[in-house]
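Mapping of the sequence shown onto my numbering: residues 29 to 233, in sequence order.
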Amino acid sequence: MIENNYTNIINGKLNENLALRNIKTNWKQVKQIDNIILSQTQYQNYQIKLNKFEGNAPINFEKASQYFFEDLDAQKSNREVCDQFIKLETIDQDTIVTMFKTKGKFVVSSRQQLCVQHRIRLSNDEIVITRDQIDDHKNAPKSDAIQVDAKFGVIFLKKINENTTHIEMYNLLDPKGSLPVSFINSMQEKQFETLKKDIQYIQKM
29 MIENNYTNII
39 NGKLNENLAL
49 RNIKTNWKQV
59 KQIDNIILSQ
69 TQYQNYQIKL
79 NKFEGNAPIN
89 FEKASQYFFE
99 DLDAQKSNRE
109 VCDQFIKLET
119 IDQDTIVTMF
129 KTKGKFVVSS
139 RQQLCVQHRI
149 RLSNDEIVIT
159 RDQIDDHKNA
169 PKSDAIQVDA
179 KFGVIFLKKI
189 NENTTHIEMY
199 NLLDPKGSLP
209 VSFINSMQEK
219 QFETLKKDIQ
229 YIQKM
C-alpha cells in the first residue's frame, strides 16, 4: 500500500468499503433505467439511506476506470449541481486529493466534500475506486460551503468483455443543514441522469 499522509485513512476504510458488496439483505429496489438498478438500505444507525447503483453498462473497462478516477472536468460537466470538481494534490498514479463543491440553489447552500481518492486493482478484470473523506487540505480554496459528511463513495468496476463493464456504485452522504431526510433520499434518483451522461461520455472516449 502507498506510503504517504493518507495511508491510514485509506487503510482504515478499505475493509469497510470492500464489505459493502457483502450486504445481501434488506435492499429495496427504488428505480431501474436500462440495465442499471438503484437500491437503498439502512446502514447501521444512519438516517440517510445507503444507495447502490448496479448493472452492466456498455462501456470499456479501462476507459471507465480512467474516467471515474482521472477525468474530473468531464464529471463536473455531467453534473448539473456541480460548481467545482478539482484536484488539490497528486500523491501517486493511483491516489489524488480532490474537492467537490455544489452550486447554491434557492434556499439550499452550496456543499463541499474533500476526499482522498484511491484506485486499487483487485484483479486483472476488477478495479475499485474509493473516495474517503478528509477534513481539510492546504490547497483547498476558501469557501463558505457547508462541509458534508460522506460516509461512503465507492465504485466497483468489473470487466465483462471489451465493451461491457459491470458497475457497482455505493454512496452514503449526509449534506448536513436542515434538509429533510426524505428529501435527501429522494434526490438520489436524480443521479440516474448523471450516470447516463457518464456512460455516454465513456462510450465516446
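By construction, the Cβ of each residue, glycine as well, lies at the ideal position given by its N, Cα and C atoms.
| Asked | Found |
| --- | --- |
| Under the assumption that residue 142 contacts residue 165 (Cβ atoms under 8 Å), give the Cβ distance between them as a whole number of angstroms. | 6 Å |
| Which complete beta strand (DSSP E) runs does the region 52–126 hold, if anything under 3 residues is left out? | 56–61, 64–69, 78–85 and 110–120 |
| Do residue 123 and residue 198 have their C-beta atoms within less than 9 Å of each other? | no |
| DSSP state of residue 21, grouped into three classes? | The first residue shown for the chain is 29 and the last is 233, placing residue 21 beyond what the model contains. |
| Enumerate in chain order the residues of its own chain whose CB-to-CB distance from residue 30 is below 7 Å, with the five nearest sequence positions on each side excluded. | Low confidence applies to residue 30: its pLDDT is 46, below 50, so where it sits in the model is not reliable enough to give any reading. |
| Can residue 187 and residue 194 be called in contact, C-beta distance under 9 Å? | yes |
| What whole-angstrom Cβ distance do residue 144 and residue 37 have, given they're in contact under 8 Å? | 6 Å |
| Pull up the distance between the alpha-carbon of residue 161 and that of residue 40, whole angstroms please. | 12 Å |
| For residue 132, which of 126, 191 and 140 has the nearest alpha-carbon? | 140 |
| Which two residues bound the contiguous alpha helix (DSSP H) that contains residue 40? | 35–46 |
| How far does the beta strand (DSSP E) with residue 202 in it extend, from its first residue to its last? | 192–202 |
| To the nearest angstrom, report how far apart residue 167 and residue 109 are at their CA atoms. | 22 Å |
| Do the region 61–74 and the region 90–101 touch if we need at least three Cβ pairs shorter than 8 Å? | no |
| Can you tell which of 129, 158, 45 and 215 has the C-alpha that lies nearest to the C-alpha of residue 98? | 158 |
| Rounded to a whole number of angstroms, what is the C-alpha to C-alpha distance between residue 66 and residue 59? | 5 Å |
| Tell me which same chain residues have a C-beta within less than 6 Å of the C-beta of residue 184, skipping the five on either side of it? | 156 and 196 |
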